[in-house]
Amino acid sequence: MKQRRALSTVVGAVFFLIAIITAASYLTSSMNLFEDFSENVIAAEQERENRKKESFDISRLTIVNNKINLDIYNSGDIPISFSRLWIENVTGVDQVYRFDLNQTVAPGNMVEDILQFLPFTALSTESYKMKLVTDRGITKEFSVNASTDPLNLQLFALPEEVPTNFKTTILLSVTNNSTQNTIYTNIQPILNLTSLGATAQLESSMPDPHPVLEKGNSAIFEWTFKISGNDGDKIQFEASILNGAPGNTITKEVSVKVVEFAEESGSSLESKFLTSSSAPDNILFFHKENFDALGQRQMWASIPEDNVGEIIDFSFIDPIFYSNTDGNVTSNIPAGKWNATLRYISSPMPPSLTHTGNTTETMSYHFESDLNSPLDTTTNTVMTLASGSQRPLWIPTGHQGAGAYHFSGNQYAMIGINDDNDLDASPTTTAGWFNAESTGPNDFQTIFYGENSGITDSFEIYLNPSGNLVFQLDASFTSSIATCTSAVDYRDDTWHHFAAVMPDDNDCKLYVDGVLQDQDSNPGSGTIVLSGNIHIGAFTISPLTNGFHGMIDDIIHWDNYDLNESGQQEVEDLFNTNYGTSSHLVDFDISIVDEFGNDLGASDKIITQTLSYSFPYSSDFAEYSSPISDIWGQFNFTVITTQQRVIDPGERLMIQMTNIPKSIGNLDFKMVIDDTDVVSGLGSSFLQIPFPDKGIAGYGGYDNSDIGVIGIFNPGPADNWIKYQSRVIFEDENSAASYAAFIITADGTPLGPTQDSSVISVGNTVAVEFDRPRVQPGNVSSELVPEGRYRMYVFLDGYNSEGQVFLHTNYIGIVRVI
Amino acid sequence: MPKHTTRRALATVVTTGILLSAVAVMGSMMTAWSNSIFSNEQQEINTAYSDGVNKLNEFLVVENVWFGNNPTKFINVTTSNVGTIGLNVTKITLDNSIDKTNLLITNGGIASNDYFSTEITYNWTTTDPIRIAVTTEKGSIYQTYVMGP
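Residue numbers (the working numbering), protein chains in the order written: chain U, 7 to 824; chain Y, 16 to 164.
And the structure:
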């Protein structure tokens with residue numbers, strides 16, 4: 007029995023073993039498969055994630071010498087390899103070309119002239135459709151020299167009526183409203199002139215092609231023409247885009263409104279009703295006057311009257327502008343684009359960092375635009391970029407979406423040293439933003455460096471070979487070198503803020519991203535005194551050593567102040583300050599209200615109620631405290647209505663802008679209105695609306711029971727007198743019936759057959775009175791101008807201090823006679 | 016008694032041998048059978064796994080579509096393989112919501128990072144959007160919409 011049991015046990019064990027081994031091998035195999043499958047899923051998912059992270063922008067496209075210059079910026083988080091380019095010659099038939107590129111660009115970097123070496127001849131007269139393809143299959147299509155879709159074109163003539171031989175500015179606005187997400191490049195405007203009696207001579211240069219027009223963006227082209235002709239002659243401007251969609255054109259007529267004499271002077275007078283001249287019916291300028299405007303400010307189609315505008319500080323005022331009411335007229339405003347153009351300037355510092363005297367910042371660079379000599383908003387110092395291949399590359403979408411300079415290890419900039427940045431006395435603070443590349447070298451990378459003439463003193467902010475940020479002060483009066491070092495490797499393709507403080511002689515404190523990283527105190531007193539130039543992006547420049555790899559922005563220096571010396575959180579506030587595209591937040595409310603400004607409670611009376619709309623920092627061009635010239639930045643708030651809006655009799659159009667200050671790092675800003683000195687861009691601040699069928703009620707009004715008063719401004723260059731026979735004309739808006747009245751006094755002096763006005767000096771405005779307008783001026787028995795809406799003109803007859811005569815007619819705009 | 020004892024011993028040995036042999040034969044058959052089952056099952060899993068993983072790693076994009084006129088209207092479709100494995104395009108469908116055109120592809124093999132381009136005679140218009148669907152051998156369908164210029 008024992009033997010049989012043993013045998014059975016052996017046999018059973020053998021089978022059991024076989025079963026176990028078989029099951030185990032099956033299980034192992036399954037586990038291996040499962041592991042392999044998981045790895046494949048992870049790899050596939052990773053690849054899909056990478057595709058989502060891939061993002062690039064076309065920074066520039068031009069055609070020079072039949073070669074395409076294309077710059078592409080990698081705005082994503084991962085390297086991009088461009089594998090192919092498709093070019094379709096839209097002008098030709100079946101001309102499609104395919105090129106292999108194999109060009110890789112790291113995140114945050116730009117590859118320039120990527121198509122220079124393609125065996126392809128590009129002509130500026132032909133249109134092309136191009137498509138870039140990356141090795142992950144992401145594509146971006148753009149159109150060159152053409153618009154395959156109709157684009158939104160707007161044509162402005164400022165002014166639309168000019169005296170003969172005077173200039174008018176033609177502005178063409180091209181907005182990419184393509185429904186196909188297409189990017190248009192190298193947009194070239196075409197302006198054709200058709201004489202309707204008048205002639206035009208181009209006084210400016212032809213505008214350059216616009217390099218890149220992304221969806222939703224606008225390009226503006228500007229020409230200046232001298233218009234000549236007889237009164238009433240016109241010239242028609244027809245604008246389109248080279249190789250544009252058929253029929254995608256827009257026209258505008260400019261009229262001559264002055265009879266010119268052979269001896270006409272170069273002087274002129276600008277006549278203004280209530281000190282204003284007319285703008286097109288769809289341009290409602292913001293005015294500083296508040297009468298009849300519910301205690302707020304006026305908004306109507308009249309250009310600013312003089313250079314004494316108003317600067318509205320949004321930290322104190324949330325401005326409201328009203329059009330006037332008209333009890334008899336309905337204005338229909340068609341569906342379309344509404345655009346509020348704000349001319350503004352940002353505060354250079356949030357309130358918590360705003361100081362006076364010698365504790366204010368003494369140097370500040372934000373790189374809002376690409377200039378060989380970037381502007382210091384304090385105007386104290388001068389920065390100069392290196393030239394050629396050593397010039398840093400301006401990135402329009404740098405820190406916080408605004409401009410920054412990129413250094414590739416062989417670029418630098420210099421700042422001349424003077425009393426405002428020589429660190430000749432403690433305390434001082436130097437701050438800025440940097441974005442070091444993860445692919446940067448394991449070597450020293452200088453961000454900011456200065457030294458004295460004997461190279462015995464130095465001041466340096468740099469990354470060490472481990473990527474740690476170091477702030478070092480080496481003063482010759484002592485052997486101690488103050489060194490502050492962070493513990494973090496900042497080569498991570500991410501923006502970081504630094505604040506390097508010299509609180510006392512030979513001491514240092516280093517903050518990164520608002521947090522104190524290290525400090526070092528050393529005995530002794532005496533300062534370093536820099537001379538020559540500060541180097542940005544390099545240690546030495548000839549030869550260039552320790553070049554920085556990455557981007558630098560917002561360099562601000564206080565030569566006499568420690569940001570946190572009084573225990574405030576100033577470094578943290580500065581870290582949280584947005585000098586980019588979202589510096590300011592404003593609520594925009596555009597609506598039609600009743601005559602008292604009350605909400606009408608109907609959705610079709612609302613154009614927009616947009617909350618917390620952000621717009622960018624703008625302060626490159628002057629000091630905040632003294633904006634005395636044309637230094638204003640421009641921001642356009644745009645909203646599109648899909649249905650018409652109706653201003654019924656007795657209603658007003660209103661725009662309210664409400665500043666939403668940020669709780670931390672807030673930047674204030676100011677808007678300028680009603681100022682003729684603002685001539686850059688589109689001029690002073692205004693609201694542009696779709697062209698109404700009837701002009702929106704303005705504030706020009708005349709009571710026909712009494713004499714009227716208008717203002718006359720002399721812009722120069724000579725002093726002027728006006729003569730008897732100068733007059734005002736009222737033309738009925740509907741029937742064209744005309745009424746006229748003589749100007750009877752000027753600046754209190756009666757005009758008559760034997761007496762001219764007193765002198766109207768250059769730059770002065772005088773009030774002139776006119777008689778009650780009648781069918782026959784001066785004849786009291788002829789019909790008086792009845793109540794209604796009229797087009798008002800002023801005809802001025804006079805001569806200047808050089809003995810030359812002038813005859814001058816100005817259109818004032820729609821005027822209500824009451 | 017001893018004689019009886021001897022007979023019983025022989026019978027026991029024989030019986031034991033027979034039993035052991037039978038058990039061994041049956042056991043071997045069952046082992047072979049189960050191994051066969053496991054092997055088949057494993058092969059099916061491997062096949063399903065390969066199909067699944069290959070499909071997972073398959074990634075095709077319709078890289079470019081352009082419209083030609085000469086000598087007759089046609090559409091040129093270029094697809095590129097941005098996945099990690101090769102794939103085989105078997106069919107391209109053009110559908111303008113009124114007519115559907117299927118083009119069977121016989122030489123549509125595309126290695127990884129390579130592309131495949133073909134011209135399809137098609138009377139396109141500038142007003143009708145066209146759905147282009149590319150089918151691979153593994154049954155994946157990649158599609159895009161285009162409209163004539």
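C-beta atoms are modelled at their ideal positions from N, C-alpha and C, and glycine is treated no differently. Fair warning: this is a prediction, and the values are worked out from it, not measured in the lab.
- For Asp-110 of chain Y, the enclosing beta strand (DSSP E) stretches over residues 102–110.
- An exposed status is given to Lys-58 of chain U, since fewer than 16 other beta-carbon atoms sit within 10 Å of its beta-carbon.
- DSSP places Arg-733 of chain U within a strand segment (E or B) once states are collapsed to three.
- If the five residues before and after Val-102 of chain U are omitted, its C-beta is found closer than 6 Å to the C-beta atoms of Glu-94, all from its own chain and listed in chain order.
- About 6 Å separates the CB atoms of Tyr-418 of chain U and Leu-550 of chain U; that is less than 8 Å, so the two are in contact.
- Per DSSP, the unbroken beta strand (DSSP E) holding Phe-292 of chain U starts and ends at 289–292.
- At least 8 Å separates the CB of Arg-795 of chain U from every CB of chain Y.
- The stretch 90–106 of chain Y and the stretch 118–135 of chain Y touch, with three or more beta-carbon pairs separated by less than 8 Å.
- Under the DSSP assignment, Glu-775 of chain U falls in the beta strand (DSSP E) whose first and last residues are 771–776.
- Rounded to the nearest angstrom, the gap between the Cα atoms of Tyr-745 of chain U and Arg-822 of chain U is 14 Å.
- Within its own chain, the residues whose Cβ lies closer than 6 Å to the Cβ of Asp-63 of chain U, once the five positions on either side in sequence are excluded, are Tyr-79, Ser-81, listed in chain order.
- Under the three-pair Cβ rule at 8 Å, the stretch 475–484 of chain U counts as touching the stretch 524–533 of chain U.
- For the 8 Å CB-CB criterion, Phe-243 of chain U and Thr-257 of chain U form a contact.
- Around the CB of Ser-65 of chain Y, fewer than 16 other CB atoms lie within 10 Å, so the residue is classed as exposed.
- Here the alpha carbons of Asn-171 of chain U and Ser-201 of chain U stand approximately 15 Å from one another.
- Per DSSP, Leu-580 of chain U lies in no beta strand (DSSP E) segment; the continuous alpha helix (DSSP H) that holds it begins and ends at 576–581.
- Using a Cβ-Cβ cut-off of 8 Å, Glu-94 of chain U counts as an interface residue toward chain Y, since at least one Cβ of chain Y sits closer than that to its own.
- Considered as a whole, the stretch 344–412 of chain U harbours 369–371, 389–391, 399–401 as its complete beta strand (DSSP E) runs of no fewer than 3 residues, in chain order.
- For the options U:Ile-247, U:Ser-395, U:Asp-83, the alpha carbon positioned closest to that of Glu-118 of chain U is the one of U:Ser-395.
- The contact set of Asn-46 of chain U on chain Y, defined by CB atoms closer than 8 Å, consists of Val-68, Leu-71, Asn-72 in chain order.
- In the DSSP assignment, Val-96 of chain U falls outside any beta strand (DSSP E) and carries neither an H nor an E.
- Of U:Thr-403, U:Pro-357, U:Ile-309, U:Ile-318, the smallest CA-CA separation from Asp-559 of chain U is found for U:Thr-403.
- Distances from the CA of Trp-81 of chain Y to each of Y:Ile-52, Y:Glu-73, Y:Thr-140 were compared; the closest alpha carbon is that of Y:Thr-140.
- In the three-state reduction of the DSSP assignment, Asn-69 of chain Y falls in the helix class, which pools H, G and I.
- The CB of Ala-128 of chain U never comes closer than 7 Å to any CB in chain Y; the least such distance is about 18 Å.
- Per DSSP, Ala-19 of chain U has no beta-bridge partner at all.
- Chain-ordered, the chain U residues with CB closer than 7 Å to the CB of Phe-53 of chain Y read Thr-28, Tyr-32.
- Listed along the chain, the chain Y residues whose CB falls inside 9 Å of the CB of Val-102 of chain U are Asn-79, Trp-81, Gly-83, Asn-91.
- Secondary structure remark: continuous beta strand (DSSP E) runs of at least 3 residues inside the stretch 583–642 of chain U, in chain order: 590–599, 612–621.
- Below the 8 Å Cβ cutoff, chain Y contributes Val-76, Glu-78, Asn-79 as neighbours of Thr-145 of chain U, in chain order.
- Only residues of its own chain outside the window of five on either side were considered, and among them Ile-64, Ser-65, Arg-66, Leu-67, Met-116, Val-117, Glu-118, Asp-119, Ile-120 have a CB closer than 8 Å to the CB of Asp-77 of chain U, listed in chain order.
- Collapsing the DSSP output to three states places Leu-536 of chain U in coil.
- Between Glu-367 of chain U and the set U:Ser-321, U:Ile-189, U:Gly-689, U:Thr-387, the nearest pair of CA atoms involves U:Thr-387.
- With contact defined as three or more Cβ pairs closer than 8 Å, the stretch 652–661 of chain U and the stretch 617–627 of chain U are not in contact.
- The Cβ atoms of Asn-183 of chain U and Ile-695 of chain U do not sit closer than 8 Å to each other.
- Per DSSP, reduced to three states, the secondary structure at Ile-820 of chain U is strand.
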